[in-house]
Structures are given as C-alpha cells and as structure tokens.
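Numbering (our numbering), first residue to last: 144 to 316.
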C-alpha cells in the first residue's frame, strides 16, 4: 500500500522553500570559509566593528551598538579583545572629557585593510567568471536582502534602518 505523507507546513511554496534552503547553504559555506582561516582570522563581529569605526570614526559604545543593530553590552564584549590586541583604542571625547570613545588604531587600520583585501580577493575569485552586471545585481540584491533582515529583526518602530540604508552608507555605494 502506498501512502502519501502530508505536506509539511510551509512547503507549498517552492520559490520560498528554495530561497530558505539557499540561504541556509550560504550561511554554512560562509562559516566553513571563515573557520578555515582563509580570511585572516578576524571574526565577523570584529571585522564589522573595525569597519564601522573606520567609516564612522571614533564613537561611544551606544553609537556603535545603534549603528550595528546590537546591544551595548555585546559591543563592549566584542571591543574588549580588540582593545587588548591594540586594534582599537579608548580616547576621550573632546565634547565631554569624562566620556570615552573607541577609535581605530593604526594597527587596527592596517589589520582591517589586510583582512578586507583577503575577503575582496576571495569574492573576486568566486565570481571571476560572472559578467560584471551579474556581480552588481548580486550586490544590489544582497544589500536589499540584508535591509529586509535588518528591518524584520529591528521591528516596525525602529528607524535605524533608514539611516543605514541611505546611498553611501555601504562600501561601494
């Protein structure tokens, strides 16, 4: 006797079933590449924090947390090893000498440039056979997808997404 199992909930939409699968595979493969140390042994959180400091300049913990869409305590935890490695320094806020801001050090700038160059080279190799217009389309679609993820996780009341998605706030825009 042949039995047909009932369809799993949500499996009636082949397009979105494929999308969720491809995103899951992407996440797994990105983690494999990251953990293989081919990108310079700077984890994602450290990379994004250093990148934000480079683009934004010295900032306090709250400003960094807001810009990165994470909790202030998380920024504090992520910054501690970067300060310990002299990639980030603590500097006084000129407007309020009691307040401290985090700033990229020359060593941090150098390390970020090395890691970024490695990541960019990897991206070049991965899409070297793609036409330039498809590479640009991928960038645009990934940016849009990231915006949707950010908007979803931030909730409808959060205006942070508007300030971070203006032209020029992403590398290459």
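We treat Cβ as the ideally placed atom computed from N, Cα and C, and that holds for glycine. As the structure is a prediction and not an experimental result, all values here were calculated from the model.
Which same chain residues end up closer than 6 Å to residue 210 when comparing Cβ atoms and leaving out the 5 residues on each side of it in sequence? 195
Does residue 289 come out as helix, strand or coil in the three-state DSSP assignment? helix
Quick one: Cα of residue 234 to Cα of residue 297, how far? 30 Å
Taking C-alpha atoms, which residue in 267, 271, 287, 258 lies nearest to residue 193? 258
Closer than 8 Å by C-beta to residue 243: which residues in its own chain qualify, once you throw out the five before and the five after it? Chain order, please. 203, 233, 234, 235, 236
Under DSSP, the beta strand (DSSP E) around residue 128 begins and ends at which residues? Summary: the structure shown does not reach residue 128, with the chain confined to residues 144 through 316, and so no result is reported for it.
Is residue 155 close to the ligand ADP? I mean its beta-carbon at under 8 Å from any heavy atom of the ligand. This structure does not include the ligand ADP; it has no bound ligands of any sort.
With a threshold of 8 Å, are at least 3 pairs of Cβ atoms found where one atom belongs to the region 265-276 and the other to the region 246-257? no
Near residue 229, what residues of its chain come up, given a Cβ to Cβ distance below 7 Å and the 5 sequence neighbours on each side ignored? 248, 250
For residue 234, three-class secondary structure by DSSP: strand
Do residue 207 and residue 255 have their C-beta atoms closer together than 9 Å? no
Have a look at the DSSP bridge pairing and note the partners of residue 202. 245
If I'm right that residue 187 touches residue 177 with Cβ under 8 Å, what's the distance once you round it to whole angstroms? 7 Å
With distances taken between CB atoms, is the gap from residue 221 to residue 189 smaller than 9 Å? yes
Grab me the residues of residue 197's own chain with a C-beta within less than 7 Å of its C-beta, minus the 5 sequence neighbours each way, in chain order. 247, 252, 255
Distance, Cα to Cα, residue 266 vs residue 240? 42 Å
Between the C-alpha atoms of residue 217 and residue 201, what's the straight-line distance to the nearest angstrom? 18 Å
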